Amino acid sequence: MKLQHYLGGLEGLPEPLNLEKKVFVEDWEKRIFGIHVAMMGLSNHLGAALPQYPVEQVPTTFRDEWTWASLRTGAEGMNPFDYFKFRYYEKWLGGISQFFIDNGYVSEEEISALIEAPESAVVEGGDPAIDDQVIDYLRRGDSPRRDVAHPKFAVGERVAIANTPAGAHTRLPGYLRAKVGTVQRIFEGDYGYFVHTGDGIGDPMPIYIVEFTPEELWGPRAEPGANALYAELFEAYLQPIEEVK
Numbered sequence: 008m009k010l011q012h013y014l015g016g017l018e019g020l021p022e023p024l025n026l027e028k029k030v031f032v033e034d035w036e037k038r039i040f041g042i043h044v045a046m047m048g049l050s051n052h053l054g055a056a057l058p059q060y061p062v063e064q065v066p067t068t069f070r071d072e073w074t075w076a077s078l079r080t081g082a083e084g085m086n087p088f089d090y091f092k093f094r095y096y097e098k099w100l101g102g103i104s105q106f107f108i109d110n111g112y113v114s115e116e117e118i119s120a121l122i123e124a125p126e127s128a129v130v131e132g133g134d135p136a137i138d139d140q141v142i143d144y145l146r147r148g149d150s151p152r153r154d155v156a157h158p159k160f161a162v163g164e165r166v167a168i169a170n171t172p173a174g175a176h177t178r179l180p181g182y183l184r185a186k187v188g189t190v191q192r193i194f195e196g197d198y199g200y201f202v203h204t205g206d207g208i209g210d211p212m213p214i215y216i217v218e219f220t221p222e223e224l225w226g227p228r229a230e231p232g233a234n235a236l237y238a239e240l241f242e243a244y245l246q247p248i249e250e251v252k
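Position one of the sequence shown corresponds to residue 8 (our numbering), numbered consecutively onward.
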């Protein structure tokens, strides 16, 4: 995605953003956050992700994979005009609703009917085993680490950042594409991303912290005295310098 995500450093952007300080602006945002958490805690990938939950035994009709990548893909796939029009949790609502529609859990007509229904008509409660699984997930999480690190690059090595084709989702900041930086740290393990994004990540691989100078990123317009920028990047986004000459 080279449009609405990772806009840092682009020239001609409007005045500094007025960031909302409240975590939840409206009460419904708490509910959509809770729905997302429940979907994460019931996702079928948890059967393979550490610590290997018995998610197949949970009596839920939700039998799909839902990760942070799923949520981000829904947001990044929005029409750019809609993306900038809606607030943070409005994007969540749109992405989650579309996921349920696309996977046959609910229809647009059913959603419309629920919007018109009184709040008392909404069904509450459920099987306690579902709650137990979600709470267990909240306590223990899921780790994408699969092995010790097998890095191709070393600390102190200069690396070039790939300019991969835009896909449905990426973890590569747009303003780092085709830039050159220095490896400052290699994380201890090989880490997967649970889903394959189409731009190189998905299977377990090393993750690096790469340092970039302001001059490298912004050129002669870099502000004097600015600090270096550090980015955590999957190995698929790094290339040897000689490959880009």
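The beta-carbon is built from N, C-alpha and C at its ideal position, and this holds for glycine as well.
Computed from a predicted structure; not experimentally measured.
Close-in-space but distant-in-sequence residues of the same chain around residue i (CB under 7 Å, 5 per side omitted)
i: Lys-186; result: Ile-168, Phe-219, Glu-223, Leu-224
i: Asn-234; result: none
i: His-43; result: Leu-78, Trp-99, Ile-103
i: Gln-105; result: Gly-81
i: Arg-70; result: Asn-51
Beta strand (DSSP E) segment containing residue i, residue limits
i: Gly-196; result: 187-198
i: Glu-36; result: It is not in any beta strand (DSSP E) - Glu-36 instead sits in the alpha helix (DSSP H) that spans 34-49.
i: Arg-228; result: Unbroken run through Arg-228: none, as it is neither H nor E.
i: Ala-238; result: 236-241
i: Glu-164; result: Note, Glu-164: premise wrong, no beta strand (DSSP E); not H, not E.
i: Leu-245; result: 245-247
i: Pro-213; result: 212-219
i: Asp-154; result: 152-155
Residues of its chain near residue i, where Cβ-Cβ distance is below 6 Å and the 5 sequence neighbours each way are ignored
i: Pro-158; result: Ile-193, Pro-213
i: Ile-216; result: Gln-191, Arg-192, Tyr-237, Glu-239
i: Arg-152; result: Gly-196, Tyr-198
i: Pro-221; result: Ala-229, Ala-233
Distance between residue j and residue i (C-alpha atoms, nearest Å)
i: Thr-68; j: Leu-53; result: 15 Å
i: Ile-108; j: Thr-80; result: 15 Å
i: Asp-149; j: Leu-57; result: 5 Å
i: Pro-211; j: Glu-123; result: 46 Å
i: Gly-84; j: Arg-94; result: 15 Å
i: Gly-163; j: Thr-177; result: 26 Å
i: Asp-154; j: Gly-196; result: 5 Å
i: Thr-171; j: Lys-28; result: 35 Å
i: Leu-145; j: Ala-45; result: 9 Å
i: Thr-74; j: Tyr-200; result: 9 Å
i: Ala-161; j: Gln-246; result: 12 Å
i: Tyr-112; j: Gly-102; result: 14 Å
i: Ala-229; j: Trp-35; result: 42 Å
i: Ser-189; j: Tyr-182; result: The displayed chain sequence assigns Thr, not Ser, to residue 189. Their Cα atoms are separated by approximately 16 Å.
i: Lys-9; j: Asp-139; result: Because Lys-9 carries a pLDDT of 48, less than 50, the predicted location of this residue cannot be relied on, and no value is offered for it.
i: Asn-110; j: Gly-41; result: 20 Å
i: Asp-89; j: Glu-116; result: 22 Å
i: Ser-2; j: Gln-64; result: The chain is shown from 8 up to 252; residue 2 falls before or after that span and cannot be answered.
i: Arg-147; j: Ala-55; result: 14 Å
Test item: CB-CB of residue i and residue j under 8 Å
i: Ile-248; j: Arg-165; result: yes
i: Val-62; j: Leu-49; result: yes
i: Ile-137; j: Tyr-96; result: no
i: Ala-175; j: Gly-209; result: no
i: Leu-78; j: Trp-99; result: yes
i: Glu-72; j: Asn-51; result: yes
i: Pro-180; j: Asp-134; result: no
i: Ala-76; j: Val-202; result: yes
Span of the alpha helix (DSSP H) around residue i
i: Glu-116; result: 115-123
i: Gln-64; result: Taken as a continuous stretch (DSSP letters only), Gln-64 belongs to no alpha helix (DSSP H), as it is neither H nor E.
i: Val-141; result: 135-147
8 Å CB neighbourhood of residue i in its chain, flanking five on each side removed
i: Asp-143; result: Gly-48, Tyr-60
i: Gly-207; result: Ala-169, Thr-171, Phe-241, Ala-243, Tyr-244
i: Lys-37; result: Phe-31
Min CB distance residue i to chain D below 8 Å
i: Asp-139; result: Absent from the structure: chain D. Only one protein chain is present.
Item to complete: Would you list, in sequence order, the uninterrupted alpha helix (DSSP H) runs of no fewer than 4 residues that lie entirely inside the stretch 74-113?
Response: 75-83, 87-92, 95-109
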